[in-house]
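K.L.:
Pasting a structure here, questions to come.
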């Protein structure tokens, strides 16, 4: 466990996120197997859509925790660090919205 | 190998898709490991955005092949099958655009 | 009315699309007014999300009609035109999925 | 001008947003006109993709300002208001990512 875990908002729910990501890993493996077994294209696409939604759910959850902990801590400290954290979060949001 | 492989447009590039999906599986495993190692939230989000983009790339490629082969074959045959395949493709596109 | 309207799949539902797009235009004007009246940021974002969803709905509908008519006609004719139409549709789908 | 303008982060750039939204309104009107003039489906879809991207750009910008001002102010004040603002922002982000 890292020394600065207090700054990572998602750690309170770490086990929950690990379970979700393990399932996502399984979904990715499943898509690979479907192609390997030459399954029907539309069924594969349905699985990819489900996988994408699951990933977006994790991303939105992580970002939520990040704003509530890491960014909020920085805002309360103020100064350049606060500004940098807010800018960094804004860029992460932009990447998620556009991906 | 399935008997009806001729209907799956992506099979000409099957190996290419398997390589891409193996890489995606590795990316998913990497995101799990980052959370397990309690890495920085924004770095995890960056990896999730990259993974989502890679998945969308595979989905768009599969759909492209599906239109060029399976749907085109059905359209040339005509009738209810053509209509059903077109409707099915439209729904898959809608799921991808909204996910 | 254009001479080649028969190739545009959406024309059977032209009036329906015009109504939806007129409403979308009104939504865009509404977002502009909300900013001009200095309304609450989150309320503006909610309207933008609704507007984006409405646009995606129109795009998916137009693409559906395009596949069912223009692309299908080309596929039945065969040759280079079919290939070009399929490639063009694939690129439009990629743009929609990524936007 | 509203009395509580200080809480709206986007107001420093209000004119810039109004210009962007006026352009978006024009793009929406352009899509309507393209359908009315029965233009080619793929060209209409290209315009819709551009319009969606422009809207996402405005949304990401507004959200950025909202985090930097309204949410940051609430976080500095602390208490239930801070929590409510963070939750509200998280939900707006989720809507944007999924739309």
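Chains as they are written, first to last, in the numbering used here: chain A, 7 to 105; chain B, 7 to 105; chain C, 7 to 105; chain D, 7 to 105. Where a beta carbon is used, it is the ideal one built from N, C-alpha and C, also for glycine. Computed from a prediction, not measured in an experiment: that's the story for all the values here.
Check residue 84 (chain C) in the structure and name its three-state DSSP category.
P.N.:
Here the question's residue 84 (chain C) lines up with position 78 in the third chain. DSSP places residue 84 (chain C) in coil when its eight states are reduced to three.
K.L.:
Short check: CB of residue 94 (chain B) to CB of residue 48 (chain A), under 9 Å?
P.N.:
For the purposes of this step, residue 94 (chain B) is taken as residue 88 along the second chain, with counting starting at 1. For the purposes of this step, residue 48 (chain A) is taken as residue 42 along the first chain, with counting starting at 1. Against a cut-off of 9 Å, the Cβ pair of residue 48 (chain A) and residue 94 (chain B) comes out as a contact.
K.L.:
Taking 9 Å as the threshold (C-beta atoms), are residue 100 (chain A) and residue 73 (chain D) in contact?
P.N.:
By 1-based counting over the fourth chain, the position of residue 73 (chain D) is 67. By 1-based counting over the first chain, the position of residue 100 (chain A) is 94. In this structure, residue 100 (chain A) does not lie closer than 9 Å to residue 73 (chain D) by Cβ.
K.L.:
How big is the Cα-Cα spacing for residue 22 (chain C) and residue 16 (chain C)?
P.N.:
If you number the third chain from 1, residue 22 (chain C) lands on position 16. If you number the third chain from 1, residue 16 (chain C) lands on position 10. Near 9 Å, if we compare the C-alpha coordinates of residue 16 (chain C) and residue 22 (chain C).
K.L.:
Does the structure place the segment 23-34 of chain A close enough to the segment 32-46 of chain B that three or more beta carbon pairs sit under 8 Å?
P.N.:
yes
K.L.:
So what does DSSP say about residue 21 (chain A), is it helix, strand or coil?
P.N.:
As a working mapping, residue 21 (chain A) is identified with position 15 in the first chain. Residue 21 (chain A): helix per DSSP, three-state reduction.
K.L.:
Kindly indicate if chain B contains any beta-carbon less than 9 Å away from that of residue 34 (chain A).
P.N.:
Sequence index remark: in the first chain, residue 34 (chain A) carries index 28 (1-based). Yes, residue 34 (chain A) counts as interfacial toward chain B.
K.L.:
List the residues of chain D whose Cβ lies closer than 7 Å to the Cβ of residue 102 (chain A), in chain order.
P.N.:
Translated into the one-based positions of the first chain, residue 102 (chain A) becomes position 96. Within 7 Å Cβ-Cβ: 103.
K.L.:
Can you tell me which of the three DSSP states residue 89 (chain B) falls into?
P.N.:
Here residue 89 (chain B) is taken as the residue at index 83 of the second chain, counted from 1. Helix at residue 89 (chain B).
K.L.:
Please look up how many angstroms separate the CB atoms of residue 66 (chain B) and residue 103 (chain C), rounded, as I've assumed it's under 8 Å.
P.N.:
Numbered from its first residue, the second chain carries residue 66 (chain B) at position 60. Numbered from its first residue, the third chain carries residue 103 (chain C) at position 97. Confirmed, Cβ separation roughly 6 Å.
K.L.:
Of all the residues that make up the segment 48-66 of chain C, which are near chain B by a beta-carbon distance shorter than 9 Å?
P.N.:
59, 62, 63, 65 and 66
K.L.:
Spell out whether any CB of chain C is found under 9 Å from the CB atom of residue 11 (chain D).
P.N.:
Within the fourth chain, the letter at position 5 stands for residue 11 (chain D). Residue placement at residue 11 (chain D) is flagged as unreliable, the pLDDT there being 40, under the threshold of 50; the coordinate-derived value follows with that caveat. True, the Cβ-Cβ gap to chain C drops below 9 Å.
K.L.:
Please state the DSSP three-state secondary structure of residue 59 (chain D).
P.N.:
Residue mapping note: residue 59 (chain D) aligns to position 53 of the fourth chain, counting from 1. Residue state, collapsed to three classes: helix.
K.L.:
Using a 10 Å radius around the Cβ and a threshold of 16 neighbouring Cβ atoms, would you call residue 87 (chain C) buried or exposed?
P.N.:
Start at 1 with the first residue of the third chain, and residue 87 (chain C) comes out as number 81. So residue 87 (chain C) ends up on the exposed side.
K.L.:
When you check each C-beta in the segment 73-87 of chain D against every C-beta of chain A, which residues fall closer than 7 Å?
P.N.:
73, 74, 78, 81 and 82
K.L.:
If I measure Cβ to Cβ from residue 80 (chain C) and keep anything under 7 Å in the same chain, skipping five residues before and after, which residues do I get?
P.N.:
If you number the third chain from 1, residue 80 (chain C) lands on position 74. Excluding sequence neighbours, residue 80 (chain C) sits near 87, 88 and 91.
K.L.:
Have a look at A:42, A:50, A:76 and A:20 and flag the residue whose alpha-carbon is nearest the alpha-carbon of residue 68 (chain B).
P.N.:
Indexing the second chain from 1 puts residue 68 (chain B) at position 62. Among A:42, A:50, A:76 and A:20, the Cα nearest to that of residue 68 (chain B) is on A:50.
K.L.:
Measure the C-alpha to C-alpha separation of residue 8 (chain D) and residue 40 (chain C) and round it to an integer number of angstroms.
P.N.:
Start at 1 with the first residue of the fourth chain, and residue 8 (chain D) comes out as number 2. Start at 1 with the first residue of the third chain, and residue 40 (chain C) comes out as number 34. Residue placement at residue 8 (chain D) is flagged as unreliable, the pLDDT there being 39, under the threshold of 50; a coordinate-derived value is accordingly withheld.
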